[in-house]
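Colleague:
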Amino acid sequence: MTPPLLALVLGLLGAAVLSDRGAHASAVGDADRGAKIYERCIACHSLARNRTGPKHCGMIGRVAGTQKGYRYSKAMRAWGKVWTPESLDEFLENPRRTVPRTRMGYAGVKDAGERANLIAYLIRENGPGGSCP
Ligand code: HEC
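Numbering (this note's numbering), first residue to last: 10 to 142.
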């Protein structure tokens, strides 16, 4: 392979890897599969009620750390981001890296596809016809 061609091939490979990374937050997941992954959360969370962790109904589109009746860590209250598919993806990948000193004692969901499914489930339950009021 001539050097310019090699450079072109490497460039294309690099672009593919980058665009794959960029796309992972917006990938549309499978809500039914997400329901199974949510079983990892129900040790501490429920959709409808605050428990060890805050409830997840009404979360999409509101600012992190602002569910009424739930006492958050300072760290979560200070984070200040709105819960969107992108911010959920970022948080759930590694909660304690994203929000240092969060009280959520959970390592995160490392697999991007599993996160996409989980987020699709949370969005479905919060949307029309979902189980949230
Ligand atoms: C070991 C208990 C535990 C587990 C398991 C757990 N969480 Fe949490 N979660 C918490 C706690 C406690 C908080 C409050 C964090 C704080 O105040 O810093 C929290 C906060 C959150 C928040 C912020 C919500 C808000 O109202 O701003 C989200 C989103 C969240 N958890 C999602 C999840 C998901 C999705 C899972 C499953 C993959 C999960 N959590 C698993 C305990 C847990």
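In this text, a Cβ means the ideal position worked out from N, Cα and C, and glycines have one as well. In this text, all values refer to a predicted model and were calculated from it rather than measured experimentally.
Are the CB atoms of LEU97 and GLY43 nearer to each other than 8 Å?
Modeller: The answer is no: Cβ separation not under 8 Å.
Colleague: Skipping 5 residues on each side, what residues in its chain have a beta carbon closer than 7 Å to that of GLY78?
Modeller: Taken in chain order, the residues that qualify are ASN59.
Colleague: Would the beta-carbon of CYS141 be found less than 7 Å away from any heavy atom of ligand 1?
Modeller: Incorrect: CYS141 has no Cβ contact closer than 7 Å to ligand 1.
Colleague: Specify, as a first and last residue, the run of the alpha helix (DSSP H) that THR107 falls within.
Modeller: Taken as a continuous stretch (DSSP letters only), the alpha helix (DSSP H) holding THR107 covers 104–107.
Colleague: Out of ILE132, LEU56 and MET113, which has the shortest C-alpha to C-alpha gap to TYR81?
Modeller: It is MET113 whose Cα lies nearest to the Cα of TYR81.
Colleague: How should ALA73 be labelled, buried or exposed, when 16 other C-beta atoms within 10 angstroms of its C-beta is the threshold for buried?
Modeller: Classification for ALA73: buried.
Colleague: Could you tell me whether the Cβ atoms of GLU95 and THR107 are closer together than 8 Å?
Modeller: No, the Cβ-Cβ distance between GLU95 and THR107 is not below 8 Å.
Colleague: Report the option in ALA121, TRP88 and CYS53 whose CA atom is closest to the CA atom of ARG105.
Modeller: Selected option, being the one with the closest Cα: TRP88.
Colleague: Using a 10 Å radius around the Cβ and a threshold of 16 neighbouring Cβ atoms, would you call ILE51 buried or exposed?
Modeller: So ILE51 ends up on the exposed side.
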